[in-house]
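Asker: Mapped onto full-length UniProt numbering, the consecutive letters of the sequence shown carry residue numbers 1 to 234. The beta carbon of each residue, even a glycine, is placed where N, CA and C say it ideally should be. None of the values given here were measured: they were computed from a predicted structure. Structure in structure tokens, see below.
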Amino acid sequence: MAQEALSAAGSVSLWDLFWQAGFIVKLVMIGLVVASVWSWAIIIDKSMRYGSFRRQLNKFESHFWSGQSLEELYHTLSERRTSGMGALFVAAMREWKKSFEKGARSPIGLQQRIEKAMDVTLAREMDGLESRLGFLATVGSAAPFIGLFGTVIGIMTSFQAIAGSQQTSLAVVAPGIAEALLATAIGLVAAIPAVIAYNKLSADAGKLGMRLEAFADEFSAILSRQIDEKLTPR
1 MAQEALSAAG
11 SVSLWDLFWQ
21 AGFIVKLVMI
31 GLVVASVWSW
41 AIIIDKSMRY
51 GSFRRQLNKF
61 ESHFWSGQSL
71 EELYHTLSER
81 RTSGMGALFV
91 AAMREWKKSF
101 EKGARSPIGL
111 QQRIEKAMDV
121 TLAREMDGLE
131 SRLGFLATVG
141 SAAPFIGLFG
151 TVIGIMTSFQ
161 AIAGSQQTSL
171 AVVAPGIAEA
181 LLATAIGLVA
191 AIPAVIAYNK
201 LSADAGKLGM
211 RLEAFADEFS
221 AILSRQIDEK
231 LTPR
């Protein structure tokens with residue numbers, strides 16, 4: 001009889017287990033599936049965006065170090081929407097030009113304003129790079145426990161059914177336990193990719209941020225030398 005019960009349980013599909021589950025367990029499963037789908041959407045979108053962002057940085061660096069004048073590069077970039085190093089460059093050059101148009105006299109004050117403009121732009125760029133990564137972290141940490149909650153509720157329901165039917169055979173226990181464990185399995189399916197992707201994408205965002213910071217420091221040093229040449233009395 002036990003073998004027959006196992007054979008019957010083995011023939012039950014995951015879809016059947018879902019429909020046989022209680023309302024709360026179904027709600028948990030649906031929530032985890034939605035979270036998993038949204039996590040994969042974020043993973044794919046971020047992977048594509050980071051690749052595009054990396055190519056933009058490489059392209060800008062090639063133009064910046066090609067020997068083209070800063071004025072020409074600024075005129076080209078200021079006419080369109082920029083991101084990454086281009087946004088830092090435009091923010092710094094815009095502050096540079098505004099200050100000299102108003103008759104800047106203090107090299108230190110001008111340098112501080114340029115650095116502040118780049119810091120604000122850098123923070124905005126990093127916010128864009130790291131946006132929605134927190135959702136992956138939340139799914140990775142919470143999904144297993146949410147699935148476990150569904151499992152506990154399912155097992156409690158199964159034991160209540162056993163108590164009501166006064167039967168303890170495997171045929172009575174197995175379907176309810178399988179439904180309950182399905183919630184934990186879905187939780188792990190949602191959590192594992194989210195954790196791996198969060199670690200990978202966070203590392204990628206950090207590397208891109210370091211490139212932006214390095215460019216900001218280097219460009220600030222270039223402008224500092226030019227400020228000294230223009231404002232320091234001879």
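(1) If you draw a straight line from the alpha carbon of Ala137 to that of Ile146, how long is it in whole angstroms?
(2) Which two residues bound the contiguous alpha helix (DSSP H) that contains Val67?
(3) Indicate the three-state DSSP secondary structure (helix, strand or coil) for Arg81 in the structure shown.
(4) Determine the burial state of Glu179: buried for a count of at least 16 other Cβ atoms within 10 Å of its Cβ, exposed for fewer.
(5) Verify the contact flag: Asp228, CB atom, against every heavy atom of the ligand GDP, threshold strictly below 6 Å.
(6) Do Ile43 and Ala197 count as a contact pair if the criterion is CB distance below 7 Å?
(7) So what does DSSP say about Ala21, is it helix, strand or coil?
(8) How close, in whole Å, do the beta carbons of Ala92 and Ile114 come, if the pair is a contact with beta carbons under 8 Å?
(9) Could you tell me the distance, in whole angstroms, from the CA atom of Thr157 to the CA atom of Arg54?
(10) Could you check whether Arg211 and Leu77 sit closer than 7 Å to each other, using their CB atoms as the reference points?
(11) If you reduce the DSSP assignment to three classes, tell me which class Ser131 lands in.
(12) Can you tell me whether DSSP reads Ser224 as helix, strand or coil?
(13) When you compare the CB positions of Ala190 and Ala143, do they come within less than 7 Å of one another, or not?
(14) Distance, Cα to Cα, Leu6 vs Gly176?
(15) Use the C-beta contact count for Met118: other C-beta atoms within 10 angstroms, 16 or more gives buried, fewer gives exposed.
(16) Run the CB neighbour count on Phe100, radius 10 Å, all protein chains shown included, and call it buried at 16 or more, exposed below.
(17) Per DSSP, what kind of secondary structure is Gly10 in: helix, strand or coil?
(18) Taking the alpha-carbon of residue 283 as reference, which of Ile162, Glu213, Gly154 has the nearest alpha-carbon?
(19) How about the stretch 63-75 and the stretch 30-49: do they share at least three Cβ pairs that are nearer than 8 Å?
(20) If you draw a straight line from the alpha carbon of Glu213 to that of Leu122, how long is it in whole angstroms?
(21) CB-CB under 8 Å to Phe60, same chain, minus the five flanking residues each way: which ones, in chain order?
Answerer: The short version:
(1) Walking along the sequence shown from the start, residue 137 turns up at place 137. Walking along the sequence shown from the start, residue 146 turns up at place 146. Approximately 14 Å between the Cα atoms of the pair.
(2) What you label residue 67 is simply residue 67 of the sequence shown in a count that begins at 1. In the sequence as displayed, the identity of residue 67 is Gly instead of Val. Premise fails: Gly67 is in no alpha helix (DSSP H) and is neither H nor E.
(3) In the sequence shown, residue 81 corresponds to position 81, counting from 1. Residue state, collapsed to three classes: coil.
(4) Numbered from 1 along the sequence shown, position 179 holds the residue referred to as residue 179. Glu179 comes out buried.
(5) The ligand GDP is not part of this structure, which contains no ligands at all.
(6) By one-based count along the sequence shown, residue 197 stands at place 197. By one-based count along the sequence shown, residue 43 stands at place 43. The answer is yes: Cβ separation under 7 Å.
(7) Position 21 of the sequence shown holds residue 21. Coil, per DSSP.
(8) Locating residue 92 in the sequence shown gives position 92, counting from the first residue. Locating residue 114 in the sequence shown gives position 114, counting from the first residue. Ala92 to Ile114, Cβ: 5 Å. Contact.
(9) Here residue 157 refers to the residue found at position 157 when the sequence shown is read from its first residue. Here residue 54 refers to the residue found at position 54 when the sequence shown is read from its first residue. Distance between the alpha carbons of Thr157 and Arg54 is about 52 Å.
(10) Your numbering for residue 77 matches position 77 in the sequence shown. Your numbering for residue 211 matches position 211 in the sequence shown. Contact: no.
(11) In the sequence shown, the residue the question calls residue 131 occupies position 131. DSSP places Ser131 in coil when its eight states are reduced to three.
(12) Here residue 224 corresponds to residue number 224 of the sequence shown, with the count starting at 1. Ser224 falls in the helix class under three-state DSSP.
(13) Start at 1 with the first residue of the sequence shown, and residue 190 comes out as number 190. Start at 1 with the first residue of the sequence shown, and residue 143 comes out as number 143. Contact flag set, yes.
(14) Walking along the sequence shown from the start, residue 6 turns up at place 6. Walking along the sequence shown from the start, residue 176 turns up at place 176. Low per-residue confidence applies at Leu6: pLDDT is 40, beneath 50, and the placement is therefore not dependable enough to give any value.
(15) Counted from its first residue, the sequence shown places residue 118 at position 118. Result: buried.
(16) Within the sequence shown, numbered from 1, the residue matching residue 100 stands at position 100. With fewer than 16 other Cβ atoms within 10 Å, it is exposed.
(17) Taking the first residue of the sequence shown as position 1, residue 10 is located at position 10. Summary for Gly10: the model assigns pLDDT 49, below 50, so the residue's position carries little reliability; its value from the coordinates is reported in the next sentence. Correct three-state label for Gly10: helix.
(18) Outside the displayed range of the chain (1 to 234) lies residue 283, so it cannot be described from this structure.
(19) no
(20) For the purposes of this step, residue 213 is taken as residue 213 along the sequence shown, with counting starting at 1. For the purposes of this step, residue 122 is taken as residue 122 along the sequence shown, with counting starting at 1. Each residue's Cα considered, the two are about 7 Å apart.
(21) As a working mapping, residue 60 is identified with position 60 in the sequence shown. The answer, listed in chain order, is Gly84, Met85, Gly86, Phe89.
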